[in-house]
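Peer 1: I am attaching a structure below and will ask some questions about it afterwards.
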Amino acid sequence: MPPSDTSASPTGEPTPQGWAVGLGFRPGTSSERILDALREVLGDKPIAYLATIDRRAEELGDAAAGLGVSVRAFTAAELARVDVPNPSARTDDALGTASVAEAAALLAADGPLVIPKRTVDGIVIAAALAPKSPLT
673 MPPSDTSASP TGEPTPQGWA VGLGFRPGTS SERILDALRE VLGDKPIAYL ATIDRRAEEL
733 GDAAAGLGVS VRAFTAAELA RVDVPNPSAR TDDALGTASV AEAAALLAAD GPLVIPKRTV
793 DGIVIAAALA PKSPLT
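Count along the sequence shown from 1, then add 672; that gives the number in this note's numbering.
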């Protein structure tokens, strides 16, 4: 799932450079579990960034390195300002933001949320079109 350059689809429409993928997960989640969950949700879609709350960003390092992408981190206050389709009162109580995955994907992409949050093996994943994508 490495990032890719913009190219044309068979219909001639430009395709995105990649997806900004927001993740929410518990401390100590292995990079192998994260990568497996990403594959399940995104298949072979190209990833431009991984994004999460600042206190989990370092834990994404190995997964990001394996994908050849960077990690974008946001504070709970930054995430809390984002309007998301699937807020969670439980997440808000625990972290001070009603969303990590969807809000982080939206902030990293500055584009539309295309894959709403989905939980795989305890890892919450959401994806938005990456910045500077011709589709945003």
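Backbone N, C-alpha and C define an ideal beta-carbon position, used for all residues, glycine too.
Nothing here was measured: the structure is a model prediction, and the numbers come from that model.
Which residues in the same chain have their Cβ closer than 6 Å to the Cβ of A780, if we skip the five residues on either side of it in sequence?
Peer 2: A692, Y721, A723 and R744
Peer 1: Helix, strand or coil: how does DSSP classify R727 here?
Peer 2: helix
Peer 1: Quick check on the burial criterion: 16 or more other C-beta atoms within 10 angstroms. Buried or exposed for T701?
Peer 2: buried
Peer 1: Using CA atoms only, rank isn't needed, just tell me which of Q689, G733 and K717 is closest to I706.
Peer 2: The option with the nearest alpha carbon to I706 is G733.
Peer 1: Taking buried to mean at least 16 other C-beta atoms within 10 Å of its own C-beta, is A776 buried or exposed?
Peer 2: buried
Peer 1: Give me the Cα-Cα distance between L785 and D765, rounded to the nearest whole angstrom.
Peer 2: 24 Å
Peer 1: Quick one: what does DSSP say T826 is sitting in, helix, strand or coil?
Peer 2: This structure does not reach residue 826, given that the chain is present from 673 up to 808, and the question cannot be answered.
Peer 1: Quickly, what does DSSP pair F746 with across the bridge? List them, please.
Peer 2: I725
Peer 1: Return the first residue and the last residue of the beta strand (DSSP E) that V754 is part of.
Peer 2: From DSSP, V754 is part of no beta strand (DSSP E); its letter is neither H nor E.
Peer 1: Cutting at 6 Å between CB atoms, please list the residues of its own chain near G794, excluding the five before and the five after it.
Peer 2: Only residues of its own chain outside the window of five on either side were considered, and among them none has a CB closer than 6 Å to the CB of G794.
Peer 1: Flag G733 as yes if its beta-carbon sits less than 8 Å from any beta-carbon of chain C, otherwise no.
Peer 2: The question asks about chain C, but that chain is absent: this structure has only one protein chain.
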